[in-house]
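As structure tokens, the structure follows; a few thoughts come after it.
Protein chains: 2
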Amino acid sequence: MLHERIIRGDIRAAARLMRLADDRDPRARQELSDLFEHTGKAHVIGITGNPGAGKSTLVDMVVQDLRSRNLTVGVIAIDPSSPFTGGAILGDRIRMQRHAEDEGVFIRSLATRGHLGGLTRSTNDVVTVMDGMGYDIVIIETVGVGQDEVEIVKTAHTSVVVLVPGMGDEIQIMKAGILEIADIFVVNKADRPGVERVMAELSTLQHIVHHEDEDRVPVLKTVAPSNVGIRELGDAMIAHLGKISASGEKAKRDQARLREIILSYVRESTQERFNQRFREFDERQDVSKRLLAREVSPYEVADLLLSEILAEGR
Amino acid sequence: MLHERIIRGDIRAAARLMRLADDRDPRARQELSDLFEHTGKAHVIGITGNPGAGKSTLVDMVVQDLRSRNLTVGVIAIDPSSPFTGGAILGDRIRMQRHAEDEGVFIRSLATRGHLGGLTRSTNDVVTVMDGMGYDIVIIETVGVGQDEVEIVKTAHTSVVVLVPGMGDEIQIMKAGILEIADIFVVNKADRPGVERVMAELSTLQHIVHHEDEDRVPVLKTVAPSNVGIRELGDAMIAHLGKISASGEKAKRDQARLREIILSYVRESTQERFNQRFREFDERQDVSKRLLAREVSPYEVADLLLSEILAEGR
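Chains A and B supply the protein sequences, listed in that same order.
Taking this note's numbering, the leading residue of the first sequence gets 6, the next gets one more, and so forth.
Taking this note's numbering, the leading residue of the second sequence gets 6, the next gets one more, and so forth.
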């Protein structure tokens with residue numbers, strides 16, 4: 006059984022289960038289910054920000070800092086979906102190779118999947134595996150600050166949003182409700198001009214959104230390649246976990262993440278049934294043609310399909 | 006009945022149905038279904054690009070060009086989700102007010118909704134209403150080039166991707182497969198330095214992705230406020246519709262959009278059932294607590310919930 010080997014920290018077994026889960030292999034479900042009772046110990050940290058914000062180097066340095074505290078770290082790097090991304094992003098991954106010899110670090114890249122929400126499920130499965138292996142910290146690094154990224158990081162224990170000076174981030178912060186999910190802001194590349202402007206914008210935004218002083222979140226400056234501010238970021242992450250553990254917020258976020266796992270399974274399963282039913286429906290009743298000819302409306306077809314999918318439960 | 010008034014071009018009836026649909030009011034479904042047989046005539050155009058690409062002004066000028074050709078135009082402007090967006094984006098909308106007196110133009114803003122895929126459904130409902138009203142062209146303008154935006158514009162007849170010089174767009178193009186969905190590229194603000202670099206990057210990327218010359222898509226330069234390149238963009242949009250009508254691609258995209266409408270309904274309906282069942286489940290069996298205590302796994306709960314949801318069909 007893979008899960009027994011994974012609990013003992015077997016990297017090959019872990020990689021195999023991650024692959025099975027990502028391929029939606031039916032064997033993955035039972036293994037993940039058996040593994041689940043050994044999870045719940047990892048501190049899950051989401052790190053998000055636009056391309057060009059220097060997240061990879063930042064994560065690299067944070068991993069080094071956490072290792073110096075004797076904490077083990079799993080990293081899930083979410084890569085953009087296109088097959089044409091090649092160079093830049095893979096290059097970033099290569100930088101992480103410095104941890105390749107270190108058993109206390111496990112790095113896994115995930116490509117974005119074509120279907121809505123599919124990546125949330127894949128990410129959560131990998132979190133389950135890394136947590137089950139016993140990693141103290143699991144970092145989820147996403148590119149971009151769109152709705153998908155927010156979905157992925159919003160159930161982390163600690164969400165770090167990375168900005169850089171001079172990139173017109175203000176609108177990006179406001180977009181997709183990123184401000185509401187940030188537990189820590191990092192202004193990276195803080196040796197660049199414009200850093201004070203970003204800090205001021207963040208301060209203004211925080212006053213608008215968080216009316217109580219105690220709700221305002223830390224804003225840290227970093228220069229990742231020079232190791233500036235990294236120790237403070239590690240401190241802030243650990244402090245945040247302490248804070249939410251004490252307030253009961255941690256249990257709430259754990260519940261939200263578990264609920265999200267359930268929902269993503271149910272959603273995918275429904276989508277599969279839908280695809281299959283729609284194909285059958287189309288062959289049997291030529292639905293696509295009749296839709297195009299406006300003989301039947303998509304709203305009617307939706308009702309019919311839904312009742313057919315539900316009737317499967319009989 | 007709203008749909009009868011909408012077919013006659015009644016703006017107030019249209020606005021009311023759009024609101025009902027966006028609120029997920031059950032009355033909307035039948036009205037949309039009745040309206041559907043009067044649709045299928047509009048040319049649906051998606052326009053997407055990063056914040057700061059000048060899309061609003063570009064759309065404004067394109068609308069003016071299309072009106073000068075005696076075509077009527079509906080515009081669906083997708084706004085970011087946060088309640089804190091205020092100024093900038095609403096300001097852009099205000100610019101469109103120049104068309105406020107023109108009955109041949111109908112502008113509707115949609116906010117992004119919290120749930121995955123919800124916006125795709127709302128957008129498609131508004132397309133149905135505008136199409137039913139008889140607008141020749143329906144433009145969907147989205148902010149950002151993430152997965153959500155790709156979902157929304159990929160079933161348009163014509164997808165326009167807007168870039169600007171000097172914004173590190175290359176990675177944005179590659180991200181989320183935007184290159185694969187673009188039917189027309191626009192390099193806006195083409196009076197700025199760096200325009201030739203963006204053109205060269207696009208050319209290189211096209212060679213990588215589109216192996217056949219005939220698959221390569223037009224790349225146009227515009228300076229929207231000065232009306233440079235706008236006429237050519239209008240020509241390119243219309244020419245693209247002609248091309249896909251002749252090749253049979255138009256029918257394929259229509260089918261894809263109709264299928265997407267059906268899927269989004271089924272997905273939402275399932276999600277509602279899920280939420281309701283999960284609440285009941287939680288009250289009855291204290292699932293959230295048992296999940297946290299690792300007494301039951303989310304994978305097991307998902308299976309149970311799914312079979313309960315399906316059993317509703319009995």
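A virtual CB, placed ideally from N, CA and C, is assigned to each residue, including glycine.
Note that the coordinates shown come from a computational prediction; the quantities given were computed from them, not determined experimentally.
Excluding the 5 residues flanking it on each side, residue 286 of chain B has same chain C-beta neighbours closer than 6 Å at 292, in chain order. Contact between the segment 204 to 213 of chain B and the segment 47 to 56 of chain B is absent, with fewer than three C-beta pairs closer than 8 Å. Look at the segment 197 to 208 of chain A: it has no residue with a C-beta under 9 Å from a C-beta of chain B. Residue 82 of chain B has its alpha-carbon roughly 27 Å from the corresponding atom of residue 207 of chain A.
Beta-bridge annotation (DSSP): residue 166 of chain B is paired with B:53 and B:190.
For residue 27 of chain B, the number of other beta carbons within 10 angstroms of its own is at least 16, and it is reported as buried. With respect to chain B, the C-beta atom of residue 170 of chain A has no partner C-beta closer than 8 Å. Residue environment: residue 234 of chain A is assigned as buried (16 or more neighbouring CB atoms within 10 Å of its CB, all protein chains considered).
Of all residues in the segment 259 to 275 of chain B, only 259, 260, 263, 264, 266, 267, 268, 270, 271, 272, 274 and 275 come within less than 8 Å of chain A when Cβ atoms are compared, listed by chain position.
Residue 300 of chain B and residue 42 of chain A have their C-alpha atoms some 7 Å from each other. DSSP places residue 294 of chain B in the uninterrupted alpha helix (DSSP H) bounded by 292 to 297.
DSSP places residue 271 of chain A within a helical segment (H, G or I) once states are collapsed to three.
Considering only B:37, B:13 and B:9, the residue with the shortest C-alpha distance to residue 24 of chain B is B:37. In the displayed model, residue 46 of chain B falls within coil according to three-state DSSP, outside both helix and strand. A Cβ of chain A is located within less than 8 Å of the beta carbon of residue 306 of chain B. Of B:308, B:171 and B:190, the smallest CA-CA separation from residue 199 of chain B is found for B:171.
Using a Cβ-Cβ cut-off of 7 Å, residue 164 of chain A is close to nothing in chain B; its nearest Cβ partner there is about 15 Å away. In this structure, DSSP gives residue 255 of chain B a helical state, which the three-state scheme calls helix. Chain-ordered listing is empty here: chain A has no CB closer than 9 Å to the CB of residue 31 of chain B, the nearest sitting near 11 Å. When DSSP reads this structure, residue 143 of chain A sits in a beta bridge with A:49 and A:79. With fewer than 16 other CB atoms across the displayed protein chains lying within 10 angstroms of its CB, residue 247 of chain A is exposed.
About 6 Å separates the Cβ atoms of residue 258 of chain B and residue 162 of chain B, confirming a contact at the 8 Å cut-off. Contacts with chain A at 8 Å (Cβ-Cβ) include residue 38 of chain B. Between residue 40 of chain B and residue 134 of chain B the beta-carbon gap is near 7 Å, inside 8 Å, which marks them as a contact. Neighbours of residue 256 of chain A in chain B, taken as residues whose beta carbon is under 8 Å from its own, are 297 in chain order. At least 8 Å separates the beta-carbon of residue 303 of chain A from that of residue 297 of chain A. Taken through DSSP and simplified to helix, strand or coil, residue 64 of chain A comes out as helix. Setting aside the 5 residues that flank it on each side, residue 278 of chain B is surrounded in the same chain by 314, each with a C-beta closer than 6 Å to its C-beta; the list follows chain order. The DSSP-derived three-state label of residue 110 of chain A is strand. Ranked by Cα distance from residue 116 of chain A, the first of A:108, A:107, A:109 and A:127 is A:127. The DSSP-derived three-state label of residue 222 of chain A is coil. Interface criterion not met: the Cβ of residue 115 of chain B is under 8 Å from no Cβ in chain A.
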